[in-house]
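The sequence shown runs 0 to 543 under numbering that gives the first Met the number 0. Data block below; observations after.
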Amino acid sequence: MGINAVAVSDHIRHRLYRPYVGLLLIRVFLAISGTGYIHPDEYFQNGEVTAGRVLGYHALRTWEWEPAFAIRSILPPFATTGLPFLLAKLIFGGLLPSPRTAFYLERLTFLALSMLLDFSVWQLVDNPTSRAYALLLLASSHVMHTFQVRPFSNSLEAVLVVLCFVLLRRLMDGRKPSSLYLHAMAVLCVLGLFTRVTFMAFALPVLWQCLRLTGRTWPKRIRSMALPSLTAAVTALAVVSLDTYVLCGDLRSLVITPLNFLKYNLSPHNLSEHGIHPRWLHLVVNLPMMVGPPLLWLTACAAVYHWPLKGQKARNAPNVIDRTLIYAFLLALFLLSLQPHQEPRFLLAFPFMFVVFVANSGELQKAGRVFWTTWVAFNISLTLIFGVLHQGGVVPSLFHMHHQLSSLDAAQNAQVIYWKTYMPPWHLLAIPGTDVSSGRIRLTDLAGAPVTVLEESLADTTLTSSIVGDTITYLVAPFAMKALLPRVAEHCLVLEHAVFPHLDLDHIGESIELGWKGGLSLGIWTIDTTCIGRSKYVHDPVSV
C-alpha cells in the first residue's frame, strides 16, 4: 500500500471514529435515561430476583425460581445485578438505595457488558478501515441502545456467545498456550449454558472448530480436550451446588436448571401459556427486526461474492471465523425455529455476527448512501420505540410512587393498583418487603384485566378502607383506559401525576382517539373511596 493510500485510510478511520464516540455517548444516555419497557423478562429474570434477596425490597419471585422446579440459574442475575446491589448496600451503610440507584446499577452493569461487543469487533476484524466501519455499524444498531443495555438473560447470552468467538480467534493465533484458552472456553460454555440453554445452539460450531484445532487425529483431540472437559464439569458442579443451596437451603436434592428448562420447554402445554407462534416467525419477522433489512441485504451480498472459500485462503484465521459465524447463524436459526414460542430477543447475538461477517468480507466499505440512509432511519425508529416510548411510563411511575409511599404517616395505609400496563417491577418501588407482608401497603397488578375486574378491586378497596381506616388508594393506568370507567366513577378519580411518554401498543385505537399527548401518557390517580362507595355504580361487563 502506497503512502497516499495509507494516508487516505487513516483519514477515513479518524472520520469514522468521531461518530462512533458520539454513538457511545448516546448509548450511555439511553442506558441511564431510556425508560422504555421492552418485555417483563428484562426485570423479572434479573433485578426483581436479586433486589428482594440482597436489598430486602418487596419483589415478586416468579414461578421460574421455585425450588421444586427452577428453570433458571441464580448465578447470572446475582453476578450481574446482585453484586452491584450488594456493593451499594455496603456503601449506603445498610440503608436501602433509592429506586433510581437500583435502576442505574442494573443499566450501568449491562452497559459495561455491551462494551465487550465493541471490544470483540476490534479483536475479530483485522483490517483497520473495515474495523472502523464495523464499530460504527454495530454502535448504530438499535439493539446496542435498547436490548443490550437492559438486564435480559438474552443480553448476557449474546455477550458470552461473542466472547467464544474471541477465544476461538486467540486459539487460532497461538499467541499464548492454547490450553489456557481451552479452559477459558470450557468455563465460558458452562456459564452460557446456565444462562440460557439456547446458548449451545450458537456455541456448537465454535466448539467444533476448537476440537479441530487441537489435533488432526481423534486420539490427540480427545487427549487435548480431557482437562478442559474436567474444568467444564467442575464449573457445572459448582453452579449446580450454588443454585441448589440458594434455592433450597441445602444440597440434598440437586437443582439442575438447564435440564429443568429443557423439560419445561419441550411440553406443548407449557409453551401454549406463553404464546404459540408460527415456526417461520424468526426468519420472516424477528430476524429483519433485530438485524435490520439493510444489513441482511449486505450480508447476502457478502455471502454470494465471498462464499465458498477454497484452498489456503479458507484456512486463514479471519476466514475460519467468518465460516464459523455462518455455521452458528444457520444452526441457531434452525434450532430456535423448531420451538413454537419465538420472540425477537432470542436472536440478540445475530446483529454482532452479521456485522463481523460483512466487515471481514470488505462489502461494508463499499456500502453507499442508500444503505446508510435506510440503516440510520430503521435504527432510529426502533431505538425510539423500544428505548423510549414502549410502556415508557411504568418505571417512572414507580419512582414517583416510591416518593408518595415514603411520605406516608406511620398510621396511614396505601394501595397501589396498576391496570392495562406491563407487569410493574416492584423492586423499583423500593419499599421494604415488611411493609407489604404486614398489609400496610397493598400492591395489585391487574395487567390487562377487563374493566369489571377493576370495578371489583375498587369495591374491595372501599370495603377495606372502611375497616382499616386511613388508606390512600392510587390507580396507575394509561389515560386512554380511564374512558372505559363509568362516568360516575370517573368523578371519584383525582389526577395526581402524569408520565409522558407512554406508548401502549395494545390499545392503539383508543390512544389515537385521545390525541398524541393524552394517548401517549400514563396517569396516576388518587381514588376517593368514599365517593366510590356513594356512587354504587353498576357497569355492564366490558372486555378489552
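Built from N, CA and C at the ideal position, the CB exists for glycine as well.
field: Contact check, Trp553 vs Leu294, beta carbons under 8 Å
entry: Because residue 553 is not part of the residues shown, which for the chain are 0 to 543, the question remains open.
field: CA-to-CA distance, Cys188 to Leu159, given in whole angstroms
entry: Note on geometry: alpha-carbon atoms of Leu159 and Cys188 lie some 8 Å from one another.
- prompt: Got a sec, what are the start and stop residues for the alpha helix (DSSP H) Gly248 sits in?
  reply: It is not in any alpha helix (DSSP H) - Gly248 carries neither H nor E in the DSSP assignment.
task: Could I get the ranges of all uninterrupted alpha helix (DSSP H) runs contained in the stretch 456-537, with 4 residues as the minimum, in chain order?
output: 478-481, 486-489, 507-513, 515-518, 528-534
field: 7 Å CB neighbourhood of Gly361 in its chain, flanking five on each side removed
entry: Ser129
query: Considering Tyr103, what are the terminal residues of the alpha helix (DSSP H) in which it resides?
result: 98-123
- prompt: From Ser336 to Ala302, what distance separates their C-alpha atoms?
  reply: Distance between the alpha carbons of Ser336 and Ala302: 22 Å.
message: Quick check on Asn412: does DSSP put it in helix, strand or coil?
response: strand
task: Give a yes or no on whether the C-beta atoms belonging to Met422 and Asp444 are separated by under 8 Å.
output: yes
field: For Arg441, the residue or residues it bridges with in DSSP
entry: Gln414
Which of helix, strand or coil DSSP assigns to Lys219: If DSSP states are grouped into helix, strand and coil, Lys219 belongs with the helices.
- prompt: Hey, how far is the Cα of Arg215 from the Cα of Ala30?
  reply: 47 Å
query: Under a three-way DSSP split, which group does Pro267 fall into?
result: Pro267: helix per DSSP, three-state reduction.
message: My assumption, with CB atoms under 8 Å, is that Glu124 sits in contact with Ala133. Please give the rounded CB distance.
response: Checking the sequence shown, residue 124 turns out to be Val, not Glu. About 5 Å; that satisfies the 8 Å criterion.
- prompt: Taking just the CA atoms, how far does Asn359 sit from Asp321?
  reply: Rounded to whole angstroms, Asp321 to Asn359 spans 8 Å at the Cα level.
- request: List the whole-angstrom C-beta distance separating Leu22 from Ser139, where the pair is believed to meet the contact cut-off of C-beta under 8 Å.
  value: Your pair Leu22 and Ser139 checks out as a contact, with CB atoms roughly 6 Å apart and the cut at 8 Å.
- prompt: If you pair each beta-carbon of the stretch 422-439 with each one of the stretch 390-400, do three or more pairs fall below 8 Å?
  reply: Judged by Cβ distances under 8 Å, the stretch 422-439 makes contact with the stretch 390-400, as three or more pairs qualify.
- prompt: Measuring CB to CB, does Met242 end up less than 8 Å from Thr256?
  reply: Checking the displayed sequence, the identity of residue 242 turns out to be Asp instead of Met. A contact, by the Cβ cut-off of 8 Å.
message: According to DSSP, simplified to helix, strand and coil, what is His281?
response: helix
field: Reference Leu181, options Cys491, Ala157, Thr194, Arg211, closest by Cα
entry: Arg211
- request: Within its chain, find whatever has a CB closer than 7 Å to the CB of Ala366; leave out the 5 residues flanking it on each side and keep chain order.
  value: Leu297
- request: Please check if any C-beta of chain D sits within less than 8 Å of the C-beta of Leu324.
  value: No chain D appears in the structure shown, which is made up of a single protein chain.
message: One question on the structure: do Trp515 and Ala476 come within less than 8 Å of each other, judged by their Cβ atoms?
response: no
message: Taking the alpha carbon of Gly438 as the reference point, which residue from Thr451, Leu453, Ala446, Thr470 has its own alpha carbon closest?
response: Thr470
Segment limits, alpha helix (DSSP H) that includes Val554: Because residue 554 is not part of the residues shown, which for the chain are 0 to 543, the question remains open.
message: Classify Ala369: buried if its beta carbon has 16 or more other beta carbons within 10 angstroms, exposed otherwise.
response: In the sequence on display, residue 369 carries Val and not Ala. So Val369 counts as exposed.
Cβ-based burial, Ile37 [other Cβ within 10 Å; buried from 16]: When all chains shown are included, Ile37 counts as buried.
query: Does DSSP classify Pro544 as helix, strand or coil?
result: The question about residue 544 has no answer, for the chain in this structure spans 0 to 543.
Beta carbon of Leu119 nearer than 8 Å to that of Leu59: Per the sequence presented here, residue 119 reads as Ser, with Leu not at that position. No; because the gap between Cβ atoms is not below 8 Å, this pair is not in contact.
C-beta atoms of Val290 and Leu136 nearer than 8 Å: no
- request: Grab the span of the alpha helix (DSSP H) containing Arg168 for me, first residue to last.
  value: Looking at the DSSP string, the run of the alpha helix (DSSP H) that includes Arg168 is 152-172.
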